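Just below is one structure, and these are the notes that go with it.
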Amino acid sequence: MNYVSTRGGGQAVSAAEAIKAGIAPDGGLYVPGAAVKIEPAAIEAMKNEDYCGRAAAILPYYLTGYTGGEIADCVRGAYSPLSFDHPEVAPVVRLEEGVCVLELWHGPTSAFKDMALQILPRLLPLAAEKTGERAEIVILVATSGDTGKAALEGFKDVPGTRIMVFFPDEGVSEVQRLQMVTQEGGNVGVAAVKGNFDDAQNGVKVIFTDESFNKEIKEKGFKFSSANSINWGRLAPQIIYYFSAYLDLQRQGLVSGGPVNFVVPTGNFGNILAGFYARRAGLPVKRLICASNENNVLTDFVKTGVYDRNRRFYRTLSPSMDILISSNLERLLFELSGRDPAVVRGWMGELKEKGSYSVGSGLLEKIQSLFWSGYAGDRETLDTIKKTFDEKGYLADTHTAVGINVYNKYREATGDGTPTVILSTASPYKFNRSVARALLGKEAVAGKNEFELLEILSRESGTGIPRNLKNLDKKPVLHGTVVEREAMAAAVKDFLGII
Ligand SMILES: *Cc1c(COP(=O)(O)O)cnc(C)c1O
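To get the working numbering, take the position in the sequence shown, counting from 1, and add 319.
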């Protein structure tokens, strides 16, 4: 199966080409050229497999051109007990009757990005090899906090690659910042950008599509690629855990063959889009519930069909979802508009020029038949953390709490009692200050440093601090660069030693 651009430019390319390139040359995103179908019998057969077995069964549908042996090796390396601190990799935990939490944060950086970014650095060198690439691959990442660290961890010291990460200087939590600026590895670069996530992401997009810059680095033996969720190599591994969660519910007798809902704390629309592709491939999914924070551009979109980024940008307690341009939505629009690149080009043009577009009633109906959307403000998020802990004994991070809150709103609005899985996207320890504040009040956390807060949370909740966060305060800061938006390209040149 080949991949095509959502904007219709260029030729169809192999999975390896799509993964190597990250973004299509016309600025569009790669999507499967044909629908993937996983037959019910094949799904059933995965039931008694472990996470790696399920991954090895699903990925070949999307990564044609990779051998079964290659995929199996990538999977075993990525989801090994050396990296994941839970034997089930992505365990499903019961929250209440008919409602479970899918914990996606047992990887090395304590956020769901590890689910894809532990395996992408294994798929990418193979992609380079398969496509006869001689250049050294340079991964550029814009991060709202979690992608950056997960990509650094995944790519550190991977031969034939270098990685440079840009994060918004005031848009990440202290733990997230420390995780990045203390990153070790001989092939890594990290810089803070003055601006918000959208500024950083736009800066990276500009570099990717700058022809003369690309030509210049090519002459020096480099080639850019992306580890952002616009890369299909990020999307495909995320499809796995939707299947895996469903199979775990089946195994626990919570569903037989009927549909489930998934609730997804959403930012760039990558995670929830993987759920959409899982459904397309045959997983029985009733509704995908898109949960946003105060940056509720997607909530409005799903309600009205108008995407309008002309609004105030909020810094919230769930910073990994502080996004006004959800890049992966472009893939959904392509799929639901009858795979018509001209239509997608039109909307993306309007988004660029005036910051908004409207999809019309036909498409809106299709979207609403699959998706429901809501949002939670910071106060609601904190209250949900406290209430969930007090009443159910479950400690949720701020992003997960947005999901739980929006699920309750969904339940109230629709009365739908379908079994539901809420995706938990970060460990509560990663957003320790907000979580401790929710449990204990503002006064109790005032003046406490991040590491005292980790201890306090551990004591309060009776759970262990993830090993990667425990010793962060003892690590030296290795990356202190702060750049203006306009200076991102110069920072890349500096990193590559090009003058
Ligand atoms: C990245 C991230 C999200 C948003 O995921 P998208 O795929 O960008 O929609 C939500 N929660 C956490 C903790 C994240 O790191």
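Quick reminder that beta carbons are idealized off the backbone N, C-alpha and C, glycines included. Being a predicted model, the structure only gives us computed values, none of them experimental.
Coarse secondary structure for residue i, derived from DSSP in three states
| i | result |
| --- | --- |
| Phe431 | coil |
| Val678 | coil |
| Val494 | helix |
| Tyr349 | strand |
| Ala340 | helix |
| Ala839 | This structure gives no information on residue 839, because the portion of the chain shown stretches from 320 to 818. |
| Ser656 | coil |
| Ala546 | coil |
| Ile723 | helix |
| Phe403 | coil |
| Glu489 | coil |
| Leu554 | helix |
| Glu684 | helix |
| Thr782 | coil |
| Ile775 | helix |
| Thr528 | helix |
| Thr501 | coil |
| Gln569 | helix |
| Lys706 | helix |
| Ala732 | helix |
| Lys789 | helix |
| Gly522 | helix |
| Leu797 | coil |
| Ile536 | helix |
| Asn751 | helix |
| Ile559 | helix |
| Trp424 | coil |
| Lys673 | helix |
| Gly760 | coil |
| Ala765 | coil |
Status (buried if at least 16 other CB within 10 Å, exposed otherwise) for residue i
| i | result |
| --- | --- |
| Ala757 | buried |
| Gly783 | exposed |
| Ser692 | buried |
| Lys432 | buried |
| Ser531 | exposed |
| Lys339 | buried |
| Lys356 | exposed |
| Gly712 | exposed |
| Asn790 | exposed |
| Leu401 | exposed |
| Thr707 | buried |
| Glu613 | buried |
| Gln498 | buried |
| Pro487 | buried |
| Pro556 | buried |
| Ile482 | buried |
| His425 | buried |
| Val796 | exposed |
| Thr386 | exposed |
| Gln571 | exposed |
| Ile818 | exposed |
| Lys534 | exposed |
| Gly473 | buried |
| Arg752 | buried |
| His312 | Outside the displayed span of the chain (320 to 818) sits residue 312, for which this structure offers no information. |
| Ser680 | exposed |
| Thr733 | exposed |
Residues bridged to residue i (per DSSP)
| i | result |
| --- | --- |
| Phe541 | Glu455 |
| Met483 | Leu459 and Gly508 |
| Trp691 | Ile608 |
| Thr739 | Val418 and Asn580 |
| Arg413 | Cys419 |
| Ala745 | Ala430 |
| Ser324 | Tyr349 |
| Val332 | Tyr322 |
| Val802 | Val512 |
Distance cut-off 6 Å: residue i Cβ against heavy atoms of ligand 2
| i | result |
| --- | --- |
| Asn751 | Ligands displayed in this structure: ligand 1; ligand 2 is not among them. |
Complete alpha helix (DSSP H) runs within the stretch 571-654 (minimum length 4 residues, chain order): 589-600 and 616-623
Entirely enclosed beta strand (DSSP E) segments - the stretch 439-480, minimum 3 residues: Fully enclosed beta strand (DSSP E) runs of 3 or longer: 455-461.
Segments assigned alpha helix (DSSP H), at least 4 residues, entirely inside the stretch 351-401: 359-364, 370-381 and 387-397
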